[in-house]
Amino acid sequence: MLDQERVNRDYPSDVQIIHLGTREIILIGTAHISRDSVDLVRRVIDKEMPDCVCVELDARRYDTLSKKKRWDSLDLKEIIRKKQLSILLFNLILASYQKRLGDQLGVLPGTELLAAVKTAEERGISVALCDRDVRVTLRRAWHAVSFFKKNYLLASMFAGLFDKTEITEEKLNELKKTDVLSELMLELGKALPELKRVLIDERDTFLSERIKKAEGERIVAVVGAGHVEGIKKALLEDRHAQMEDINVIPPVSMVWKVLGWVIPLVIFTSLGIIAWQKGYDAAGDNMIYWILANGIPSSIGAILALAHPLTIVSAFAASPVTSLTPVIGAGYVTAFVQVLVQPPIVSEFETVLEDMSTMTGWWKNKLLKVFLAFLLPGFGSMIGSWIGGYEIISNLF
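First residue of the sequence shown: 50, per this note's numbering; consecutive thereafter.
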């Protein structure tokens, strides 16, 4: 019945019509880098003249898309202090991937969402930004994924940065087909169920509840094609009670807080036992081993990042200390020092999405070098902690 109604209005399968009592909701499933999606959004809004247009954007993402990004207002030192460098990197990798696909198709990422807002405003139609705050989404996603899956995810995303596979509008339209999308969602659910729950399922619920709150009897909602089926289902259910739970950043688990102090407790206890059993000289030798085991791999990481000499020194000095506290990691110290001594210039912020897609760009762009100065010394420090800890514990026996 509803499919026939869509056909009668001369809409493709990307458009779905849902009736909620006297209200009519017209869902447009789009690809965020498709010229066809831009044209379809404009056509539907012009034809339907709805009371409200809902878009899959939050206020922060809308500002980023609609205004030229003021990179000089980005405070890297504050981001590092708040331990949000991983989130920023995650966001930039996604943006770089979308931009590369958009460049191939001649469409900027999110153009169809901006087209929906602009078309609505030109016709005096109210606009509702219906997505969850992107910061909440990313923090919840990062929190939901285990340590090993975080590494798997980052490795996959980094590999995707250098993938030169071409995509055409025809391939994009194929991916938007319901059966193909369903298969992709199923595969994501099997590989990374926690990520699918946060990025897809929770946002389906959030978007559907915000769409229900939109003013008027006739609503046009512009969302990514991957959300259409989930939103259709959620619109027909009452999920209001879930909204509070899915819109908060969960605190760090008490288990992880306790485990964070286990390593320093084990190391200090072991050194105390060695001092008692074998003397202070033996304990001192083990302490020196701990310093070298942590400092050398971490400083090698900084060297591989081609970081500033002061960053390399800070890696050696900080790693033995930060490995004994869960409060801060060596990578955050080295990234902070790198920002202080070699701050990125505005033009490097503006080219970061292009530079990310080349190996050399990571070492040439000072912003990307900050990320290298964060990741590589941190990885070296982690290796050093295991080596140093193993040596100290083995000397107990």
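Where is the CB? At the ideal position from N, CA and C, for every residue including glycine.
The structure presented is a predicted model; accordingly, all values stated were derived computationally and were not measured.
>> Give me, in chain order, the residues of the same chain whose beta-carbon lies closer than 6 Å to that of Ala177; leave out the 5 immediate sequence neighbours on both sides.
In response: Residue 177 sits at position 128 when you count from the first residue of the sequence shown. Within the same chain, Ala177 has close Cβ partners Cys101, Cys103 and Ala263.
> Taking DSSP as the reference, what is the three-state secondary structure of Val297?
Replying inline: Taking the first residue of the sequence shown as position 1, residue 297 is located at position 248. Val297: coil per DSSP, three-state reduction.
> What three-state label does DSSP hand Leu230 in the structure shown?
Replying inline: Locating residue 230 in the sequence shown gives position 181, counting from the first residue. Annotation note: pLDDT 46 at Leu230 (below 50); position unreliable, coordinate value reported separately. Leu230: helix per DSSP, three-state reduction.
> Who are the near neighbours of Gln253 in its chain, counting only those whose CB is closer than 8 Å to its CB and skipping five residues on each side?
Replying inline: The sequence position of residue 253 within the sequence shown is 204, counting from 1. Checking the sequence, you will find Asp at residue 253 rather than Gln. Within the same chain, Asp253 has close Cβ partners His276, Gly279, Ile280, Lys282 and Ala283.
> Quick one: what's got a C-beta closer than 7 Å to Gly265's C-beta in the same chain, skipping five residues either side?
Replying inline: For the purposes of this step, residue 265 is taken as the residue at position 216 of the sequence shown. These residues qualify, in order along the chain: Pro99, Asp100 and Cys101.
>> Going by DSSP in three states, Ala290 sits in which element: helix, strand or coil?
In response: Within the sequence shown, numbered from 1, the residue matching residue 290 stands at position 241. Here Ala290 sits in helix by DSSP.
> Hey, Asn448 and Gly427 are a contact pair by Cβ (cut 8 Å); roughly how many whole angstroms apart?
Replying inline: Outside the shown range of the chain (50 to 446) lies residue 448, about which nothing can therefore be said.
> Is it true that the region 125-144 meets the region 185-204, where meeting means three or more beta-carbon pairs spaced less than 8 Å apart?
Replying inline: yes
>> Rounded to whole angstroms, what is the Cα-Cα separation between Val183 and Asp294?
In response: Taking the sequence shown and counting its residues from 1, one reaches residue 183 at position 134. Taking the sequence shown and counting its residues from 1, one reaches residue 294 at position 245. Cα-Cα distance, rounded: 16 Å.
> If you follow the beta strand (DSSP E) that Ala270 is part of, which residue opens it and which one closes it?
Replying inline: Counted from its first residue, the sequence shown places residue 270 at position 221. Boundaries of the beta strand (DSSP E) harbouring Ala270: Arg267 to Gly273, taken from the DSSP string.
>> Taking the alpha-carbon of Ala144 as reference, which of Ile67, Pro375, Met206 and Val307 has the nearest alpha-carbon?
In response: On the sequence shown, position 95 is the one that residue 144 refers to. Out of Ile67, Pro375, Met206 and Val307, Met206 has the C-alpha closest to the C-alpha of Ala144.
>> Which residue marks the beginning of the beta strand (DSSP E) containing Thr79, and which one marks its end?
In response: Within the sequence shown, residue 79 is the residue found at index 30, counting from 1. First-last of the beta strand (DSSP E) with Thr79: Arg72 to Thr79.
> For Val382 versus Thr371, is the C-beta spacing smaller than 9 Å?
Replying inline: Residue numbering aside, residue 382 sits at position 333 when the sequence shown is read from its first letter. Residue numbering aside, residue 371 sits at position 322 when the sequence shown is read from its first letter. Against a cut-off of 9 Å, the Cβ pair of Thr371 and Val382 comes out as a contact.
>> Would Ile323 and Ala332 be called neighbours here (beta carbons separated by less than 9 Å)?
In response: The residue labelled residue 323 in the question sits at position 274 within the sequence shown. The residue labelled residue 332 in the question sits at position 283 within the sequence shown. In this structure, Ala332 lies closer than 9 Å to Ile323 by Cβ.
> Below 8 Å, can you find three or more Cβ-Cβ pairs linking the region 295-315 to the region 244-259?
Replying inline: yes
>> Can you give me the C-alpha to C-alpha distance between Ile436 and Ser430, rounded to a whole angstrom?
In response: The residue you call residue 436 lines up with position 387 of the sequence shown. The residue you call residue 430 lines up with position 381 of the sequence shown. Rounded to the nearest angstrom, the two C-alpha atoms are 10 Å apart.
> Using 8 Å as the threshold, is the region 356-363 in touch with the region 399-414, meaning 3 or more CB pairs across them?
Replying inline: no
> What is the rounded straight-line gap between the Cα of Ile337 and the Cα of Glu440?
Replying inline: The residue you call residue 337 lines up with position 288 of the sequence shown. The residue you call residue 440 lines up with position 391 of the sequence shown. Taking the straight line from one Cα to the other gives about 11 Å.
>> Closest to Ala422 by C-alpha separation, out of Thr409, Val388, Glu397 and Ala274, would be which residue?
In response: As a first step, residue 422 must be located in the sequence shown, where it is residue number 373. Answer by Cα proximity: Val388.
> Based on Cα-Cα distance, which residue from Ile129, Arg267, Asn414 and Thr409 lies nearest to Val395?
Replying inline: Sequence index remark: in the sequence shown, residue 395 carries index 346 (1-based). Comparing Cα positions, the closest option is Asn414.
> Comparing alpha-carbon positions, which option in Leu162, Glu127 and Thr113 lies nearest Leu89?
Replying inline: For this step, residue 89 is matched to residue 40 along the sequence shown. Cα-wise, what sits closest to Leu89 is Leu162.
> Any idea if Pro392 is buried or exposed, counting beta-carbon neighbours within 10 angstroms, 16 or more meaning buried?
Replying inline: Counted from its first residue, the sequence shown places residue 392 at position 343. Per the 10 Å Cβ criterion, exposed.
> In whole angstroms, what is the alpha-carbon distance linking Val64 and Val194?
Replying inline: Start at 1 with the first residue of the sequence shown, and residue 64 comes out as number 15. Start at 1 with the first residue of the sequence shown, and residue 194 comes out as number 145. Rounded to whole angstroms, Val64 to Val194 spans 33 Å at the Cα level.
> Going straight from the alpha carbon of Pro299 to that of Thr79, what length do you get?
Replying inline: The residue given as residue 299 occupies position 250 in the sequence shown. The residue given as residue 79 occupies position 30 in the sequence shown. Looking at the two C-alpha atoms, the distance is approximately 31 Å.
> What are the residues that DSSP puts in a beta bridge with Val104?
Replying inline: Here residue 104 corresponds to residue number 55 of the sequence shown, with the count starting at 1. DSSP output for Val104 lists Leu178 and Val271 as bridge partner(s).
> According to the neighbour-count rule (16 or more other Cβ atoms, all chains shown, within 10 Å of its Cβ), is Phe196 buried or exposed?
Replying inline: Start at 1 with the first residue of the sequence shown, and residue 196 comes out as number 147. Looking at its Cβ environment, which holds fewer than 16 other Cβ atoms inside 10 Å, Phe196 is exposed.
>> What does the Cβ neighbour count give for Gly173, buried or exposed, with the cut at 16 atoms within 10 Å?
In response: Position 124 of the sequence shown, counted from the first residue, corresponds to residue 173. Classification of Gly173: exposed, given that the 10 Å Cβ count is below 16.
>> On the DSSP letters alone, give me the boundaries of the alpha helix (DSSP H) that His192 sits inside.
In response: As a first step, residue 192 must be located in the sequence shown, where it is residue number 143. Here the alpha helix (DSSP H) through His192 covers Val183 to Ala193.
>> Can you tell me whether Phe317 is buried or exposed? The criterion is at least 16 other CB atoms within 10 Å of its CB, across all chains shown.
In response: Mapped onto the sequence shown, residue 317 falls at position 268. Answer is exposed; the Cβ neighbour count stays below 16.
>> Looking at the secondary structure, which residues open and close the beta strand (DSSP E) in which Val277 lies?
In response: Along the sequence shown, read from residue 1 onward, the residue named residue 277 stands at position 228. No beta strand (DSSP E) contains Val277, which is instead part of the alpha helix (DSSP H) from Val277 to Leu284.
>> My parser needs the alpha helix (DSSP H) runs of 4 or more residues fully inside the region 331-388; what are they?
In response: 358-371
>> Residues in the same chain with beta-carbon distance under 8 Å from Leu248, minus the five sequence neighbours each way, listed in chain order, please.
In response: For the purposes of this step, residue 248 is identified with residue 199 of the sequence shown, where counting begins at 1. Excluding positions up to five away in sequence, the list reads Thr186 and Ala190.
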